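**Student:** Let me give you the structure first, and then I'll get to my questions.
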Amino acid sequence: MRCGTARLPCSARTAGAWACTDPTTGRAYSLPCRVGAATAERPAREALPVSGASALDIDPADRLLACPPTRLTAEVTRSAQHRTGSSGRRSRLAAKKAEHGAGRLSPLRGR
């Protein structure tokens with residue numbers, strides 16, 4: 452089985468991703484840029500689902516929410532509200548703005 456990857460263009464919404472499709476099974480995956488091509492190819496090449504723990508290990512997931520599927524929307528909303536109101540948010544944003552001003556970050560296409 453051969454897996455083909457294609458780099459998707461960055462956009463304001465996605466910030467880029469790797470798309471990997473197994474031509475035999477048709478399974479498709481979209482993973483963040485930070486995982487790299489080899490990691491993006493692995494799930495389709497092995498033709499296995501990726502568990503939450505594996506997603507944390509190979510880096511396409513930042514964290515897991517421990518809740519049943521029926522509570523997912525509520526937990527995502529609660530988590531987003533908590534993160535938005537965190538005390539370190541302003542300092543992180545200021546640091547990102549400083550990096551951008553120093554030329555180490557570039558704006559996303561489309562902005």
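Those letters in the sequence shown? Residues 452 to 562, per our numbering, in order.
Every residue, glycine too, gets a C-beta built ideally from N, C-alpha and C.
These figures come from a predicted structure and were not determined experimentally.
Three-state secondary structure (DSSP) at proline 520?
**Tutor:** Here residue 520 refers to the residue found at position 69 of the sequence shown. Proline 520: helix per DSSP, three-state reduction.
**Student:** Going by CA-CA distance only, name the one from Arg543, Cys518, Thr490 that's closest to serine 505.
**Tutor:** Translated into the one-based positions of the sequence shown, residue 505 becomes position 54. Answer by Cα proximity: Thr490.
**Student:** To the nearest whole angstrom, what separates the beta carbons of leucine 507 and leucine 515, a pair I think is in contact under 8 Å?
**Tutor:** What you label residue 507 is simply residue 56 of the sequence shown in a count that begins at 1. What you label residue 515 is simply residue 64 of the sequence shown in a count that begins at 1. Right, the Cβ-Cβ distance comes to about 6 Å (below 8 Å), so this counts as a contact.
**Student:** For the alpha helix (DSSP H) containing glycine 503, list its first residue and its last residue.
**Tutor:** As a working mapping, residue 503 is identified with position 52 in the sequence shown. 503-509 is the span of the alpha helix (DSSP H), which, as asked, contains glycine 503.
**Student:** Excluding five sequence neighbours on each side, which residues of the same chain lie with their C-beta closer than 8 Å to the C-beta of leucine 523?
**Tutor:** Within the sequence shown, residue 523 is the residue found at index 72, counting from 1. So the list reads Leu516, once near-sequence residues are dropped.
**Student:** Rounded to whole angstroms, what is the Cα-Cα separation between arginine 534 and alanine 545?
**Tutor:** Here residue 534 is taken as the residue at index 83 of the sequence shown, counted from 1. Here residue 545 is taken as the residue at index 94 of the sequence shown, counted from 1. Distance between the alpha carbons of arginine 534 and alanine 545 is about 16 Å.
**Student:** Is valine 486 buried or exposed, if buried means 16 or more other CB atoms sit within 10 Å of its CB?
**Tutor:** Taking the sequence shown and counting its residues from 1, the one referred to as residue 486 is at position 35. Burial call: buried.
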